[in-house]
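> Below you will find the structure I want to go over with you.
2 protein chains.
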Amino acid sequence: MTPGFTTEKREDGSTSSKNSCVHLSNPHLQKMKEDILYHLDLGTGTHDFPALFGDIKFVCVGGSPSRMKAFSKYITGELGLGDPNADVPNICAGTDRYAMYKVGPVLSVSHGMGIPSISILLHELIKLLYHSKCSDVTIIRIGTSGGIGLEPGSVVITSQAVDASFKPQFEQIILGKTVVRSTQLDGELAQKLMECSQEMQEFKTVVGSTMCTLDFYEGQARLDGAFCFYTEEEKLQYLQAAFEAGVRNIEMESSVFAAMCNLSGLQAAVVCVTLLNRLEGDQISSSHDVLVEYQQRPQKLVSRFIKNRLEKSKAL
Amino acid sequence: MTPGFTTEKREDGSTSSKNSCVHLSNPHLQKMKEDILYHLDLGTGTHDFPALFGDIKFVCVGGSPSRMKAFSKYITGELGLGDPNADVPNICAGTDRYAMYKVGPVLSVSHGMGIPSISILLHELIKLLYHSKCSDVTIIRIGTSGGIGLEPGSVVITSQAVDASFKPQFEQIILGKTVVRSTQLDGELAQKLMECSQEMQEFKTVVGSTMCTLDFYEGQARLDGAFCFYTEEEKLQYLQAAFEAGVRNIEMESSVFAAMCNLSGLQAAVVCVTLLNRLEGDQISSSHDVLVEYQQRPQKLVSRFIKNRLEKSKAL
Chain A
1 MTPGFTTEKR EDGSTSSKNS CVHLSNPHLQ KMKEDILYHL DLGTGTHDFP
51 ALFGDIKFVC VGGSPSRMKA FSKYITGELG LGDPNADVPN ICAGTDRYAM
101 YKVGPVLSVS HGMGIPSISI LLHELIKLLY HSKCSDVTII RIGTSGGIGL
151 EPGSVVITSQ AVDASFKPQF EQIILGKTVV RSTQLDGELA QKLMECSQEM
201 QEFKTVVGST MCTLDFYEGQ ARLDGAFCFY TEEEKLQYLQ AAFEAGVRNI
251 EMESSVFAAM CNLSGLQAAV VCVTLLNRLE GDQISSSHDV LVEYQQRPQK
301 LVSRFIKNRL EKSKAL
Chain B
1001 MTPGFTTEKR EDGSTSSKNS CVHLSNPHLQ KMKEDILYHL DLGTGTHDFP
1051 ALFGDIKFVC VGGSPSRMKA FSKYITGELG LGDPNADVPN ICAGTDRYAM
1101 YKVGPVLSVS HGMGIPSISI LLHELIKLLY HSKCSDVTII RIGTSGGIGL
1151 EPGSVVITSQ AVDASFKPQF EQIILGKTVV RSTQLDGELA QKLMECSQEM
1201 QEFKTVVGST MCTLDFYEGQ ARLDGAFCFY TEEEKLQYLQ AAFEAGVRNI
1251 EMESSVFAAM CNLSGLQAAV VCVTLLNRLE GDQISSSHDV LVEYQQRPQK
1301 LVSRFIKNRL EKSKAL
């Protein structure tokens, strides 16, 4: 199988479109006989991508491999596709970099922690969807975060990812030069997810900006890292300024996720639960059981969204 | 157990020293009754850190959890501390963010991929060593990388980590402002590791600069990502300029590793094998067995170093 490269022009002359095929913006792939997705331990020379993945319509990604395995079992039950207690095999069992599970039209994949880790995954995942000839794919990150001014356990649907200066952009260094990409997310999809939460009425959900940082401690103004060269007052001033700029939670992957999904024409959303209110503390000290229940909230919300959409497409 | 905060002044008046206790530069920790190392699932209120970790003299970190488990078994055999085929328990079994194994004075820990992932680990690991009252600790990253102008399988001992503009610095955003930290590594330790390789004569080893990037594809000038907006000629010009600036390999963790170890007074080194020569290609297409053998090389070298140092300290 030889990977190809197509550019689909829309009526308005742009080369990106939502709700259609996945776009690759890389003419060099044309010249490759085979494409090895090294960190997934998959390749076009060894795996029949359209047969394995061609029916995928939803991709859910999250940091923790065990959480993404749990989600694949949960959605199995929710969609009535089998026994939710049965084991789901890890498609990437040949590597321990990421874990991947497939349940009907839903792919559940772990991405590790931080921008570089999710960026490697997304490069290879977008190529996987392209080689598999997938169309109309929606991709949602379901994660954990620190909240600002929200009670712990609240869910934030991201309107836009912002950087540490509250700007809706992702700065990347390519060939030593800075490239700036947009981190706006799909407003219509965020609205659909908000409606699901209103149907469910199980937990508080808001739509807001999500700040994406490169560090969990100093980068998020925590006082409990190995180093801290600022005062508690300076920390609170910074978080308060973030809140006033519309930031409702802080995590470590949304900016590059938004930027890369925009470039590839994927409809994308970020749904994160807040584990604590950062205006009140830094340590994640809730009990194990409480944290487990919090982490199920984005899974429940996204599962309801997928169910609604599949039922709607059956009814058409 | 209440974590404290001490500053040890050296004769020259500085507050950081190598080969002594681990330094924390964070006065806020004094006020905390308990310190929860969330991503390690360990805490000073639930674990007796000095009893569990007080005897640690060497910390080895690497991206992959299974590789760090393999290293813990390998070093068990090399140091004559037990059966290298016996299972070593994962100290962080309560979380899937990182894996941690202890064999006598050696701690082997996975750090995932990229600067943010290793940064979270290092904040919590440095606090772990501090709470455990460890002294004279050497920390070594054993990893994989892309080489520049070296035959695949060569090992690079990092003299200094450089950024995508080949500068020996790590830029970090704290409270929205850029802070620049030094990424120089310990020259004496690098020399000691080089001598071990010369003793072994099993594979080519060089000392050189290591470029640390935030992305594996566009950030490392690859042509095989989901996006690529530059030509092959521009790629090669960039890699050639890196080579001329002294860069011998590219990976994704060394800069923040060097910066954080410098700040905490830990003697630190980075030892990475090169899986390919980036002047000749982008895809990692060597066979599984060849890649496994390459990945054992930094383990063998660091194991020899640890053995030599332990024998020397016994002889004193």
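Quick mapping for you: the protein sequence lines, in order, are chains A and B.
Everything in the first sequence is counted per my numbering, starting at 1 for the first residue and increasing by one.
Everything in the second sequence is counted per my numbering, starting at 1001 for the first residue and increasing by one.
Just so you know, even glycine gets a beta-carbon here, dropped at the ideal spot from N, CA and C.
(1) Under 7 Å, Cβ to Cβ, is there at least one residue of chain B near G146 (chain A)?
(2) Using the Cα positions of D289 (chain A) and Q283 (chain A), report the straight-line distance between them to the nearest angstrom.
(3) Which runs of the beta strand (DSSP E) fall wholly inside the region 196-231 of chain A and span at least 3 residues, in chain order?
(4) Note down, in chain order, every chain A residue with its Cβ under 8 Å from the Cβ of K1167 (chain B).
(5) Look at the alpha carbon of A241 (chain A) and the alpha carbon of L275 (chain A), and state the distance between them as a whole number of angstroms.
(6) When you compare only the Cα positions, how much space is there between I142 (chain A) and V256 (chain A)?
(7) Counting only the same chain and skipping the five closest in sequence on each side, list residues whose C-beta sits under 7 Å from that of G246 (chain A).
(8) How far does the alpha helix (DSSP H) with A1093 (chain B) in it reach, from first residue to last?
(9) With H, G and I counted as helix, E and B as strand and the rest as coil, what does DSSP make of V88 (chain A)?
(10) Would K204 (chain A) and S132 (chain A) be called neighbours here (beta carbons separated by less than 7 Å)?
(11) Does G1104 (chain B) come within less than 7 Å of chain A when only Cβ atoms are used?
(12) From the beta carbon of F1227 (chain B), is the nearest beta carbon of chain A less than 7 Å away?
(13) Within the present structure, is the beta-carbon of Q267 (chain A) separated from the nearest heavy atom of the ligand SAH by less than 6 Å?
(14) Which residues in the same chain have their Cβ closer than 6 Å to the Cβ of A161 (chain A), if we skip the five residues on either side of it in sequence?
(15) The alpha helix (DSSP H) spanning T158 (chain A) covers which residue range?
(16) For G1176 (chain B), decide whether its Cβ has a neighbour in chain A, counting only Cβ atoms nearer than 7 Å.
(17) For I1091 (chain B) and G82 (chain A), I'd like the C-alpha separation in whole angstroms.
(18) So what does DSSP say about K69 (chain A), is it helix, strand or coil?
(19) Residues in the region 1200-1219 of chain B with C-beta within 9 Å of chain A's C-beta atoms, listed in sequence order?
(20) Might you give, ordered along the chain, the residues of its own chain that have their beta carbon closer than 6 Å to the beta carbon of R97 (chain A), omitting 5 neighbours on each side?
(21) Would you kindly work out how many angstroms separate the C-alpha atoms of F1166 (chain B) and G225 (chain A), rounded to a whole number?
(22) In chain A, which residues lie less than 8 Å from M1032 (chain B) when you measure between Cβ atoms?
(23) What residues in its chain sit with their C-beta under 8 Å from that of E280 (chain A), if we drop five residues either side in the sequence?
(24) Look at the alpha carbon of I140 (chain A) and the alpha carbon of H1111 (chain B), and state the distance between them as a whole number of angstroms.
(25) What are the boundary residues of the alpha helix (DSSP H) that Y1294 (chain B) is part of?
(26) Of all the options B:E1171, B:Y1074, B:T1095, B:V1061, which has the alpha carbon lying nearest to the alpha carbon of L291 (chain A)?
(27) In terms of DSSP beta bridges, what is R141 (chain A) paired with?
(28) Can you confirm whether the region 69-89 of chain A touches the region 1069-1083 of chain B when touching is taken to mean that 3 or more C-beta pairs between the two stretches lie within less than 8 Å?
(29) Taking L79 (chain A) and K312 (chain A) to be in contact with their CB atoms under 8 Å, please state how far apart those CB atoms are, rounded to whole angstroms.
(30) Helix, strand or coil: which one does DSSP assign to E151 (chain A)?
(31) Is the shortest distance between the beta-carbon of P1298 (chain B) and the beta-carbons of chain A less than 7 Å?
Taking the coordinates as given:
(1) no
(2) 16 Å
(3) 205-212
(4) Ordered by position in chain A, no residue passes the 8 Å Cβ test against K1167 (chain B), which lies about 10 Å from the chain.
(5) 20 Å
(6) 15 Å
(7) G208, S209
(8) Element bounds for A1093 (chain B): n/a, residue is neither H nor E.
(9) coil
(10) no
(11) no
(12) yes
(13) No copy of the ligand SAH occurs in the structure displayed, which carries no ligand at all.
(14) T183, T210, C212, S254, S255, A258
(15) No alpha helix (DSSP H) contains T158 (chain A), which is instead part of the beta strand (DSSP E) from 155-162.
(16) yes
(17) 35 Å
(18) helix
(19) T1213, L1214, D1215, F1216, Y1217, E1218, G1219
(20) H39
(21) 28 Å
(22) D224, Q283
(23) none
(24) 25 Å
(25) 1288-1315
(26) B:T1095
(27) A:V61, A:V270
(28) no
(29) Not quite, the Cβ-Cβ distance comes to about 14 Å (not below 8 Å), so this is no contact.
(30) coil
(31) no
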